[in-house]
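Comments concern the structure below.
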Amino acid sequence: MTSTPGVPRPLAGHRVLEVGGSLPVAAATKLFADYGAEVIKVEPLGGASMRRLPPFPGDVPSLDTGAYHVALDTGKRSVAVDFEVASGREVLDRLLAQTDLVFVHLESAFAVDVRAGIRALAKPPAFVALTEHGLDGPTSEYVENDMSLFAWTGRMRNHAIAGQEPLRYAPHVAEMQWAATASAAGVAALWARAQGQPAREIEVSGVEALSGNVDTWFTTWQFLGTEAPRAGGQSKLAYPAGCYRCSDGYVVFAAAGQPFFNRLCEGIGHPELAADPRFIDPAQKPLNFDGFFAVLDPWLRARTKHEVFTTLQRHGVMVSPVLDASEVAGDAQAVARGSFVERALAGGGTTLLAGPPFRMEGGWEAGPPPRVGEHTDEVLRSLGYTSTERLALFRAGVTG
Amino acid sequence: MISRLLDGTRVVELCEVWAGPTAGSLLGDLGADVVKVESFPRNSMSRPLAAPIAGPGDGPVWERSHVHHLANRNKRNIALNIRTEAGTAVMRDLLASADIFFEGYSAGTVDRMGFDWETARAINPRLIYVSLPGWGARGPYEGYVTLGSGLDAAGGHTAVRGYPDRPMEDTSPIYHSDATGALAVIFAVITALHRREQTGLGSYIDISQIEVLNWHLPGQVAEWAMNRRLPERLGNRDPLIVPHGCFRAAGGEAGDDDSWVVIAAETDRQWAGLAKAIGHAEWAERGHPWSTIPGRLGARDAVHEAVRAFVAGETAERVVEVVQRYGGIAAPVVAPWSLLADPQHTYRNWMQTVVHPHVGVQIFPGFPWQVSPDAASWDRPAALVGEHNYEVLTGLGYSAEAIERLQADGVIGQRYGG
């Protein structure tokens, strides 16, 4: 499902700018590049900070082989410039004047300054500012990282057993969701601009992006007057739901409710349990977890997680295997669909990249990630800088 | 006035629970006219017919579930039995009128109902059609069923979150993939609108929510692919950052005895700020063993113990305020009620007060983005079952008599359970 010759990818013809160097801003523009836009990554001379995120092959640090850079900078062009000096800022301003959509993740004051510059343009690009808390307000200057951002959102408290240490999700998952939120808002703004609507200014606060999506637990508390249960993996009240051990690992059930509970009872060869009041009467069910587990557990322990998965899915039961990274890449569905693509790394070796997050004929192609400043000279030339000016900017340490 | 970025775009949603319906709400927030085709006469999973999940207020239980309210703002609602001949005809009319259609049932379900892509494009060649099953529309797992917790497991996330020192049985189910899946739908359908400008034609889009999750976890598969190592369950630890963790604070302003703060120092500068906040600026001064990154990595337990002692002696609010003042990273682990008192949310008027006929006045978390000049607004609370049957059908050209006949025949309705 890569692009086909002669058919432009759907976002072809649009220029998108990424300013800031962080993981969230790089992730926010990734899909624009993969689906055909020209994405220019404006990064500091020392390279974007997200290039420094591990893992690296052989644990050898490199600005060109980090997993996040390789995965999220696909097909982008890199311009390395020190935009904190006047000459570098002019480069940025010229880029902004020839851009359809810009994403920034900068200190608030600088982001506001960039926004002011955009407002003065005859045809301003759509503007998306990624901020941790917002461009202004009492906590707008707070310093956060992936974990602390998550703590502000309510979901960290819920990802805990009551009274025990709350947990983040896997590293960078919060930042990635924040970025995907900015992507979605950004592509809408690009569409509106292409339709001749006025350019939009959008703020995507990390805290709001995470707290304002569907898996917030605020509404549970608001509606029911109590927190969502924080009981850990296996609910003893509404079951089976959560992690259960099999012969070689775990599966996750979401089969407490109907019709899934009935299907499960049938699938494990005990259809009579689906009519047993101990397990279907709402008053009795919470008292009889052990009785049901005594039947389910031996059935699970006699089977692998894959056997449990495929057997019970044939009965229409919501159950999934808990897969590790190697199993995810080798899973039958992933292999059949080509969910991952192998990519050669600078300096040797390969890695796996996730394929298209949505499949549209001829829509997706993940080009190679750029070296720091790989496209500085050609982009500056396209902006009208003469050869002498480009040399002078390079010699002065403004570009790289 | 709602945001108008997608002004003039008609969306038809055929989805249940969270990922798909959330996408519908977000498209509505952006200004699309979203018509939700509600399952009828069978109630959807998020509209239970009986307590104990009922929310506040009175009226039918299926109108009061928070699970439903969360994912169904800014839409109109037609409750339609699409398994009837007349219902099929209405569905065809809806598809003919739409720019975007998306369905979130297990792979093959909607095809078997007669609304597969080939049929839909014959009705409306400009239609953008999205299938959103958990494992995608095609492949050996066609027909498999799941919620977000199962996708999290099969996508490799469950294996790497949870307590490092506790069995997997203690790892909580989460529904993160519903949020990421919804965002992928937004990007996909708007990208397809761009393509329609190029070609004049609609598109078919196959979304696997597992594949969406894959691209949100690039470090996990790379660790395996590059180094043949399986990522560990780290909890709040970071192998390269000290301190990096979650620490129990003294009771907060509300007297909460389950009050926690996360603390991290990714750089020497942040460490200096934290050390100063703790009252030990010398910990960051040259010569102190903790002043350098290698020094802190080698003293992880001792550094964490010092941070733990500091946090335990203060309220969460006080810890965060003082650490942030000096440039360190600190955040409270907020509880639901904390969102109401958050000065930043108040400053930005972020929380939304919504009035609903059955659950009354409720406060919801606000929008995930802020658009200027036309800010998103919560113009429509979660619609009642079939609330817009008449309005939607009239818009499709149905006469009052025809609508009454559909009602009498049970093709449309406004309530469950006969």
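So the sequences go chain by chain: A and B. Sequential numbering from 917 applies to the first sequence in the numbering used here. Sequential numbering from 8 applies to the second sequence in the numbering used here. Note that beta-carbon positions come from the ideal geometry of N, C-alpha and C, so glycine has one too. No experiment lies behind these values; they were computed from the predicted model shown.
| Check | Outcome |
| --- | --- |
| Other residues of its chain near A/Pro971: CB distance less than 8 Å, five sequence neighbours each side excluded | Gly982, Ala983 |
| Cβ shell of B/Val314 (< 7 Å), same chain only, five flanking positions each side left out | Pro250, Phe254, Ile270 |
| Burial state of B/Gln216 (16 or more Cβ within 10 Å) | buried |
| Contact list for A/Gly892 against chain B, beta-carbon separation under 8 Å | Chain A is shown from 917 up to 1316; residue 892 of chain A falls before or after that span and cannot be answered. |
| Identity of the residues DSSP links to A/Met1276 by a beta bridge | B/Ile212 |
| Spatial neighbours of B/Leu346 in its chain, beta-carbon cut-off 8 Å, leaving aside the 5 residues before and after | His352, Met358, Pro372 |
| CB contact below 8 Å: A/Ser1255 versus chain B | yes |
| C-beta neighbour in chain B for A/Cys1159, strict 8 Å | yes |
| DSSP state of A/Met917 mapped onto helix, strand, coil | Because the pLDDT of A/Met917 is 46, which lies under 50, any placement of that residue in the model is unreliable, and the number read from its coordinates should be weighed accordingly. It is coil, neither helix nor strand. |
| Secondary structure of A/Pro1237, DSSP reduced to three states | strand |
| CA-to-CA distance, B/Gly393 to A/Asp1213, given in whole angstroms | 43 Å |
| Nonlocal neighbours in the same chain, by C-beta distance under 7 Å from B/Ala195, ignoring five residues either side | Val137, Ile212, Ile214 |
| Neighbourhood of A/Glu1117 by C-beta, 6 Å cutoff - its chain only, sequence neighbours within 5 removed | Phe1043 |
| Start-to-end residues for the beta strand (DSSP E) that takes in A/Thr1047 | 1042 to 1047 |
| Inter-residue spacing [alpha-carbon to alpha-carbon] between A/Val935 and A/Ala996 | 11 Å |
| Expected contact under 8 Å - CB spacing of A/Tyr1155 and A/Ala1172 to nearest Å | 5 Å |
| Interfacial residues, the region 1022 to 1034 of chain A to chain B, with Cβ spacing under 9 Å | none |
| Inter-stretch contact (C-beta, 8 Å, three-pair minimum) for the region 93 to 109 of chain B and the region 37 to 46 of chain B | yes |
| Assigned secondary structure, A/Leu1037 (DSSP; H/G/I helix, E/B strand, else coil) | coil |
| Separation of A/Thr1227 from A/Val1211, as counted between CA atoms | 17 Å |
| Alpha-carbon spacing of B/Glu411 relative to B/Gly417, whole angstroms | 10 Å |
| C-alpha distance - B/Arg49 paired with B/Tyr423, whole-angstrom precision | 7 Å |
| Under 9 Å (Cβ pairs) to chain A, residues found in the region 261 to 294 of chain B | Asp264, Asp265, Trp267, Val268, Val269, Ile270, Ala271, Glu273, Gln277, Gly280 |
| Reference A/Phe1019; option with closest CA among A/Pro1041, A/Gly1185, A/Arg1287, A/Gly1264 | A/Pro1041 |
| Local Cβ density within 10 Å of B/Asn356, reported as buried at 16 or more and exposed below that | exposed |
| Buried versus exposed call for A/Thr1315 [16 or more other C-beta atoms within 10 Å across all chains shown] | buried |
| contact_flag[the region 1050 to 1063 of chain A, the region 1024 to 1036 of chain A] where n(CB pairs < 8 Å) is 3 or more | yes |
| Cβ neighbours of A/Thr1304 in the same chain (closer than 7 Å, five flanking residues each side left out) | none |
| Opposing strand residues paired with B/Gln351 [DSSP bridges] | Bridge partners of B/Gln351: none, in fact. |
| Proximity to A/Lys1201 [Cα-Cα], best of A/Ala1218, A/Leu1153, A/His1231 | A/Leu1153 |
| N-terminal and C-terminal residue of the alpha helix (DSSP H) that B/Gln359 is part of | Looking at the DSSP string, B/Gln359 is not in any alpha helix (DSSP H); the run it does join, the beta strand (DSSP E), is 359 to 363. |
| Distance between beta carbons of A/Val1251 and A/Gly1271, contact taken as under 8 Å | In fact, because the Cβ distance is near 12 Å, the residues do not count as touching under 8 Å. |
| The region 934 to 949 of chain A contacting the region 1089 to 1096 of chain A, beta-carbon criterion three pairs below 8 Å | yes |
| Under 8 Å between C-beta atoms of B/Ala229 and A/Ala964 | no |
| Candidates B/Thr165, B/Asn81, B/Pro55, B/Ala86, of which the one nearest B/Ser72 by Cα | B/Pro55 |
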